[in-house]
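Here's the structure, in structure tokens; my notes come after.
There are 2 protein chains.
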Amino acid sequence: MTRVRKAAVDYGLYLVTDAGLTDARLHEVVTAAISGGVGIVQLREKATPTRAFVDRARALVALLRPRGIPLLINDRVDVALAAGADGVHVGQSDMHVGDVRALMGPDAIVGLSVETPAQAKAAEHAPVDYLGVSPVFATATKPDAAPPWGVAGLCGLRRMTRHVLVGIGGIGPVNAAEVLHAGAEGIAVVSAICGAADPLAATRALRAVVDEVRVPVRI
Amino acid sequence: MTRVRKAAVDYGLYLVTDAGLTDARLHEVVTAAISGGVGIVQLREKATPTRAFVDRARALVALLRPRGIPLLINDRVDVALAAGADGVHVGQSDMHVGDVRALMGPDAIVGLSVETPAQAKAAEHAPVDYLGVSPVFATATKPDAAPPWGVAGLCGLRRMTRHVLVGIGGIGPVNAAEVLHAGAEGIAVVSAICGAADPLAATRALRAVVDEVRVPVRI
């Protein structure tokens, strides 16, 4: 199966899975998120043995690809290659994006987390498809995260980079519109969907915000 | 730089690094082990971020390749590919060896740990270059390891498989000869070198055992 076309990717609502939050419900949560309108999914597993990680990735590729939704793998190029995933998302202590691009090829989606303006500046000519602006707000999912960018920080970043920006960290229905207005092409969420009692309803609510900001009502 | 030729690999004395034991001494320990006569090295990092793992792997490739000594990476095909390492060693919960072979190519060295006769039987037609017989003896390095094969178990395994066998687990100068006499082509050690006060002397002592068993004195 060939990868999802990069040009067709909708970064508006981006689901990042969390093994701790979804547990055995991974498939169920992702299925609900698809129905609710996510445009891209990242599988993040920090403590899963490689074999099980590859199995999960393959199952998600089988679920997402027929719907044209790309699957990215957090950190692990080997898992992405073995599972035939659409791309990889890396952080600052993961593999260098130049190495990721060399291994994954030009058609893969490569995302990079930036936690400071200096990191964003260093990434300006890096072979990435988007920057994950992390964290926009303080979050409980990553207690070791850097200080938040805030809406003002995101605005400033929007002016200094040509890259697609996806905000992540502490984003939910209440503050999603702010992030998009500040200049992010999309919002990435973990607990707002994975930790919701009703992941489908939670996804729909976020999708509604994204669609509303994107197509402003004309008076 | 092209990989070390598989046919030229000497499995007799195989060093597996341990981040906990070597710490900042990694380079020093491997340099001593080279001088002492190891024929193959595996870099094992269980908690190191990917970027630092790749950096360490590259540094070891630069050290080992000019000497014709292959470097294998434990578990991580992505790190092996990025660093241009010679191969990958996987365990039973790591990537399937079929996937490893597909990603690494036919010239790479692929090793698989087997902890039971059933696992060894399942690996008989697997695309591997050697089996790591783990553990031969009880060991403190891997407290979660399976029950030891023992010398008798290794003898039995030797009769049931066509693969090259490398014993690992609790092997030192005192019992190394037994492992080779039981039919292993080589011995792999972690703490016997990485944990030694004098890694060069420790390697030389093990090498002497390997050479002695291989070239028996004729009367």
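From first to last, the protein sequence lines stand for chains A and U.
Numbering-wise (this note's numbering), the first sequence opens with residue -14 and increments by one.
Numbering-wise (this note's numbering), the second sequence opens with residue -14 and increments by one.
Positions of the beta carbon are idealized from the N, C-alpha and C atoms, including for glycine.
Bear in mind that the values here come from a model prediction, so they are computed numbers and not experimental data.
For the stretch 11 to 39 of chain A, the beta-carbon criterion of a distance under 8 Å to any beta-carbon of chain U is satisfied by 34, 35, 36, 37 and 39. Between the stretch 67 to 86 of chain A and the stretch 28 to 45 of chain A there are three or more inter-stretch CB-CB distances shorter than 8 Å, so the stretches are counted as touching. Nearest CB-CB separation between residue 167 of chain U and chain A: not below the 9 Å threshold. Excluding sequence positions up to five before and after residue 168 of chain U, its CB lies within less than 7 Å of the CB of 139, 140, 143 and 150, all in the same chain and listed in chain order. Secondary structure note for residue 94 of chain A: it is in no alpha helix (DSSP H), and the uninterrupted beta strand (DSSP E) holding it is 94 to 99. In the structure shown, the three-state DSSP call for residue 156 of chain U is coil.
Each residue's CA atom was taken as its position, placing residue 161 of chain U and residue 88 of chain U some 34 Å apart. Annotation: Cβ neighbours of residue 67 of chain A in chain U (cutoff 7 Å, chain order): 80, 84 and 88. Here residue 13 of chain A is exposed. Its C-beta has fewer than 16 other C-beta atoms within 10 Å.
Across the structure, residue 184 of chain U and residue 1 of chain U are spaced so that their CA atoms are roughly 13 Å apart.
Per the coordinates, the alpha-carbon of residue 112 of chain A lies some 19 Å from the alpha-carbon of residue 152 of chain A. Boundaries of the beta strand (DSSP E) harbouring residue 118 of chain A: 115 to 118, taken from the DSSP string.
Exclusion of the five residues before and after residue 135 of chain A leaves 121 and 122 as the residues of its chain whose Cβ lies within less than 8 Å of its Cβ. Listed by position along chain U, the residues whose Cβ is nearer than 7 Å to that of residue 41 of chain A form an empty set, because the closest Cβ is around 13 Å away. Each residue's CA atom was taken as its position, placing residue 98 of chain A and residue 103 of chain U some 43 Å apart. Among the CB atoms of chain A, one or more fall inside 9 Å of the CB of residue 64 of chain U. Beta-bridge analysis with DSSP links residue 104 of chain A to no other residue. With a threshold of 9 Å between beta carbons, residue 104 of chain U makes no contact with chain A. Residue 119 of chain A sits close to residue 76 of chain A, with the two beta carbons spaced by under 9 Å.
By the CB criterion at 9 Å, residue 36 of chain U and residue 79 of chain A fall inside the cutoff.
Residue A/22 holds the alpha-carbon nearest to the alpha-carbon of residue -6 of chain A among A/9, A/22, A/165 and A/7.
Non-local beta-carbon contacts of residue 16 of chain A in its own chain, meaning distances under 8 Å to residues more than five positions away in sequence, involve 48 in chain order.
By the CB criterion at 9 Å, residue 57 of chain U and residue 96 of chain U fall inside the cutoff. Per DSSP, the unbroken beta strand (DSSP E) holding residue 173 of chain A starts and ends at 171 to 174. With a threshold of 9 Å between beta carbons, residue 183 of chain U makes no contact with chain A. In the DSSP secondary-structure assignment, residue 150 of chain A is bridged to A/116. Contact note: residue 60 of chain A reaches chain U through 35, using a C-beta cutoff of 8 Å and chain order.
According to the DSSP assignment, residue 25 of chain A belongs to the beta strand (DSSP E) that extends over 25 to 28. If you draw a straight line from the Cα of residue -10 of chain A to the Cα of residue 128 of chain A, it is about 34 Å long.
Residue range 56 to 59 is occupied by the beta strand (DSSP E) that includes residue 58 of chain U. The continuous beta strand (DSSP E) containing residue 74 of chain A extends over residues 72 to 75. Taking 9 Å as the threshold, the shortest C-beta distance from residue 75 of chain U to chain A falls below it. Judged by DSSP secondary structure, residue 195 of chain U falls outside any beta strand (DSSP E) and instead within the alpha helix (DSSP H) spanning 184 to 199. DSSP, read as helix, strand or coil, puts residue -11 of chain A in coil.
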